[in-house]
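K.L.:
Take a look at this one; I'll ask things after.
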Amino acid sequence: MVRTRIAPSPTGHDIHIGNLYTALINWTYARKHNGQFIIRVEDTDRERLVEGAEARILSTFKAFGLDYDEGPDLGGLYAPYRQSDRLKIYHKHAKELVEKGHAYYCFCKKERLDEIRKKQISEKKIPRYDRYCLNNIKIPQELIDKGEKYVIRLKVPENRTIIFNDVIRGEIKFESNNIDDQILIKSDGYPTYHMAVVIDDYLMSITHVIRAEEWIPSTPKHILLYEAFGWPFPIYAHLPILRNPDKSKLSKRKNPVFASWYLEQGFLPKAMLNFLALMGWSHPEQKEIFDLNEFKEKFELEDMQPVGPAFDIVKLEWMNGEYIRRTPNDELRTLIYEFYLKEYPEDLITKTVPLIKERIKKLSDYLPLCEFFFKEPEVDLSGVGTGRDLSLPQKIHDELEKIEDWKADVIGEKMQELAKRENVKAGDFFMTLRVAITGKKISPPLNESMEILGKEKCLERLSKI
RNA sequence: GCUGCCAUCGUCUAGUGGCCUAGGACGAUAGAUUCUCAUUCUAUAAAUCGCGGGUUCGAAUCCCGCUGGCAGCACCA
26 MVRTRIAPSP TGHDIHIGNL YTALINWTYA RKHNGQFIIR VEDTDRERLV
76 EGAEARILST FKAFGLDYDE GPDLGGLYAP YRQSDRLKIY HKHAKELVEK
126 GHAYYCFCKK ERLDEIRKKQ ISEKKIPRYD RYCLNNIKIP QELIDKGEKY
176 VIRLKVPENR TIIFNDVIRG EIKFESNNID DQILIKSDGY PTYHMAVVID
226 DYLMSITHVI RAEEWIPSTP KHILLYEAFG WPFPIYAHLP ILRNPDKSKL
276 SKRKNPVFAS WYLEQGFLPK AMLNFLALMG WSHPEQKEIF DLNEFKEKFE
326 LEDMQPVGPA FDIVKLEWMN GEYIRRTPND ELRTLIYEFY LKEYPEDLIT
376 KTVPLIKERI KKLSDYLPLC EFFFKEPEVD LSGVGTGRDL SLPQKIHDEL
426 EKIEDWKADV IGEKMQELAK RENVKAGDFF MTLRVAITGK KISPPLNESM
476 EILGKEKCLE RLSKI
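So, in structure tokens, the structure goes:
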């Protein structure tokens, strides 16, 4: 039974796009193998905790359609799924480690730690704790009873090569002598990531740890913990990290990183996921557009590339446009209606959808193109088409007024005739008309737009010039 | 600095020893369609496969070195 997990920490406003990417791969792998995908909230950093973040993260997952089998709001066989609710479990295991001699109490103050670290760096050594407390404090319980603050550290064995296999990268080796005695339990009583992740992954029967590449250097610490507990290792796969265009790790300074930002811009969840699927992986038939179901069928972890791909929002926009064009009209209508919080009349949106479907790349492109349907535009004819010659709009007005059958093709015919009669180039003629009606030089097809707008409004706009 | 990961068009990638004078997609450029903008279609440019050595009849593909990029080095995850 395959069980994968995503472990977001509620320290930001929402999930990071890189986290969404990791979630997608975890979800896909679990679903592909008829396994389970779970969400575990890693909220052990009490200082950076952001109020409401957990709820936003969960709702974003839902918005993207990555359903999970167990989680803080769903519960499950291995509950609780929030690490702050599992403190007793970590303490019990930490104590076990101390008793077995794999961990020890440390009472050192931050100032002293900073000092030795500084010294080691200046000596070009790897910064490591010097084991002062391990060597000098024989009966830690006395200090604890006195109310001294302490942490619990992992006692990293000396002179050992730690080897683990990564599905994407193969064998990876680390020397234990380069590994610091990692803090397992912080002085506030909360576990560090390293402690909590190992215990929870084991207790929750996680079979595959699929996470970002930045975790590779801490994996040997986790391996050591599994060994200390006498537990079997999970299968590891470290995903490439998404990069900014300049190749640095994707960051909010250089790129929008919150998944919800993309939703707010009118990117479609399905397009986002499709795009993300193409990061570090490619469809065996070189297809670019495919749905989650197909991804699930064709995806293999082994096929992932280890290179960190740049997140190219231009290609994302293209893909989103493809998805919009493939969306049935009534569905697209609802998407737009809801995107603008039901502010604009639904029936009017319905009529405009066929006109703009091939012209928008994301939902937020809709309003700039169609605003003139909903409110009076500001018209400035200077430098446009036939320019400030006001006789033309008047003539157009009079011609339109005669039309009984207010249909796009009839309007088009009459306007072509008028342009010919007036000896005005079609381009200039229609540009004048376009700006008069829409207020913009770029618009949906004119005749159809005028039909939708209605005779009365068109005449009104022309006469106002 | 140390430790580790990585290295094919600007970007995402195909490629797992001969089918590669390196293929596709985005983007770019040009053209066709068109009353604007898009869509659609066609074409073009774009990688001496980071560099240098090997191995081999033969290397983008295997090995070594170098260089470069990135990540990690917290009582953050």
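Take the first sequence: its position 317, counting from 1, is numbered 342 in the working numbering, and each next residue is one higher.
Ideal Cβ placement from N, Cα and C applies to all residues, glycine included.
These numbers were taken from a predicted model, which means no experiment stands behind them.
Roughly how many whole angstroms lie between the Cα atoms of E313 and Y251?
P.N.:
Counting from one through the first sequence, the residue named residue 313 turns up at place 288. Counting from one through the first sequence, the residue named residue 251 turns up at place 226. Each residue's alpha carbon lies about 40 Å from the other.
K.L.:
Counting pairs of Cβ atoms below 8 Å between the region 286-301 and the region 316-336, do you hit three or more?
P.N.:
Contact holds: three or more Cβ-Cβ distances are below 8 Å.
K.L.:
Based on the DSSP secondary-structure assignment, which residues constitute the bridge partners of P216?
P.N.:
On the first sequence, position 191 is the one that residue 216 refers to. Answer by DSSP bridge pairing, in chain order: I210.
K.L.:
Answer with buried or exposed for K387, where buried requires no fewer than 16 other C-beta atoms within 10 angstroms of its C-beta.
P.N.:
Residue numbering aside, residue 387 sits at position 362 when the first sequence is read from its first letter. K387 is buried by the Cβ-count criterion.
K.L.:
Quick check: what's the CA-CA separation for I42 versus K144?
P.N.:
Counted from its first residue, the first sequence places residue 42 at position 17. Counted from its first residue, the first sequence places residue 144 at position 119. Cα to Cα, the separation comes out at about 38 Å.
K.L.:
Report yes if the CB atom of L112 is closer than 8 Å to the CB atom of G214, and no otherwise.
P.N.:
Stepping through the first sequence from its first residue, residue 112 is reached at position 87. Stepping through the first sequence from its first residue, residue 214 is reached at position 189. Yes, they are a contact pair.
K.L.:
Rounded to whole angstroms, what's the CA-CA distance from I61 to I241? Just pull it up for me.
P.N.:
Residue mapping note: residue 61 aligns to position 36 of the first sequence, counting from 1. Residue mapping note: residue 241 aligns to position 216 of the first sequence, counting from 1. The question names Ile, but residue 61 is Gln in the sequence shown. Cα to Cα, Q61 sits roughly 24 Å from I241.
K.L.:
Taking 7 Å as the cut-off, is the beta-carbon of Y227 closer than that to any non-hydrogen atom of the ligand NAP?
P.N.:
Looking for the ligand NAP in the displayed structure turns up nothing, as the structure carries no ligands at all.
K.L.:
Straight-line CA distance for K211 to Y130?
P.N.:
Taking the first sequence and counting its residues from 1, one reaches residue 211 at position 186. Taking the first sequence and counting its residues from 1, one reaches residue 130 at position 105. Rounded to whole angstroms, K211 to Y130 spans 11 Å at the Cα level.
K.L.:
Any idea if G195 is buried or exposed, counting beta-carbon neighbours within 10 angstroms, 16 or more meaning buried?
P.N.:
Numbered from 1 along the first sequence, position 170 holds the residue referred to as residue 195. Classification of G195: exposed, given that the 10 Å Cβ count is below 16.
K.L.:
Less than 8 Å between the CB atoms is what I'm expecting for K180 and H127, so what's the real figure, rounded?
P.N.:
By 1-based counting over the first sequence, the position of residue 180 is 155. By 1-based counting over the first sequence, the position of residue 127 is 102. 6 Å between Cβ atoms; contact.
K.L.:
Assess contact between the region 387-401 and the region 441-460, defined as three or more Cβ pairs (one per stretch) separated by less than 8 Å. Is contact present?
P.N.:
The region 387-401 vs the region 441-460: no contact.
K.L.:
Go ahead and pull the three-state DSSP assignment for M190.
P.N.:
Residue mapping note: residue 190 aligns to position 165 of the first sequence, counting from 1. The question names Met, yet the displayed sequence has Asn at residue 190. Strand.
K.L.:
Short of 6 Å in beta carbon distance, which residues of its chain neighbour M329, apart from the five on each side in sequence? Order them along the chain.
P.N.:
Locating residue 329 in the first sequence gives position 304, where the first residue counts as 1. Around M329: I193, G305, W306.
K.L.:
Would you report the Cα separation of I477 and K376, rounded to the nearest angstrom?
P.N.:
The residue you call residue 477 lines up with position 452 of the first sequence. The residue you call residue 376 lines up with position 351 of the first sequence. Cα-Cα distance, rounded: 7 Å.
K.L.:
Does the beta-carbon of D434 have 16 or more other beta-carbons within 10 angstroms, so that it is buried, or is it exposed?
P.N.:
Counting from 1 along the first sequence, the entry for residue 434 is found at position 409. Exposed is the call here.
K.L.:
Pick from V339, K489, I467: whose alpha carbon is nearest that of K384?
P.N.:
Working through the first sequence from its first residue, we reach residue 384 at position 359. Note that residue 384 corresponds to Arg in the displayed sequence, not to Lys. When each option's Cα is compared against that of R384, the closest is I467.
K.L.:
Could you give the first and the last residue of the continuous alpha helix (DSSP H) run that contains E438?
P.N.:
The residue given as residue 438 occupies position 413 in the first sequence. Taken as a continuous stretch (DSSP letters only), the alpha helix (DSSP H) holding E438 covers 433-447.
K.L.:
Can the beta-carbon of V123 be found closer than 8 Å to that of I177?
P.N.:
Stepping through the first sequence from its first residue, residue 123 is reached at position 98. Stepping through the first sequence from its first residue, residue 177 is reached at position 152. Going by C-beta atoms, V123 is nearer than 8 Å to I177.
K.L.:
Whole angstroms are fine: how far does the CA of Y391 sit from the CA of S416?
P.N.:
Counting from 1 along the first sequence, the entry for residue 416 is found at position 391. Counting from 1 along the first sequence, the entry for residue 391 is found at position 366. About 32 Å.
K.L.:
Using only the alpha-carbon positions, how far apart do K174 and I231 sit?
P.N.:
Numbered from its first residue, the first sequence carries residue 174 at position 149. Numbered from its first residue, the first sequence carries residue 231 at position 206. Computed Cα separation, rounded: 33 Å.
K.L.:
Please list the terminal residues of the continuous beta strand (DSSP E) segment that includes L179.
P.N.:
Start at 1 with the first residue of the first sequence, and residue 179 comes out as number 154. Here the beta strand (DSSP E) through L179 covers 176-179.
K.L.:
What is the rounded straight-line gap between the Cα of Y157 and the Cα of C133?
P.N.:
Along the first sequence, one-based indexing puts residue 157 at 132. Along the first sequence, one-based indexing puts residue 133 at 108. Approximately 8 Å, taken between the alpha carbons.
K.L.:
Specify the secondary structure class of Y157 as computed by DSSP and reduced to three states.
P.N.:
Looking up residue 157 in the first sequence gives position 132. Note: Y157 maps to helix in three-state DSSP.
K.L.:
Going by the beta-carbon positions, is the gap between T47 and V75 smaller than 8 Å?
P.N.:
Here residue 47 corresponds to residue number 22 of the first sequence, with the count starting at 1. Here residue 75 corresponds to residue number 50 of the first sequence, with the count starting at 1. No, Cβ-Cβ distance for T47 and V75 is not below 8 Å.
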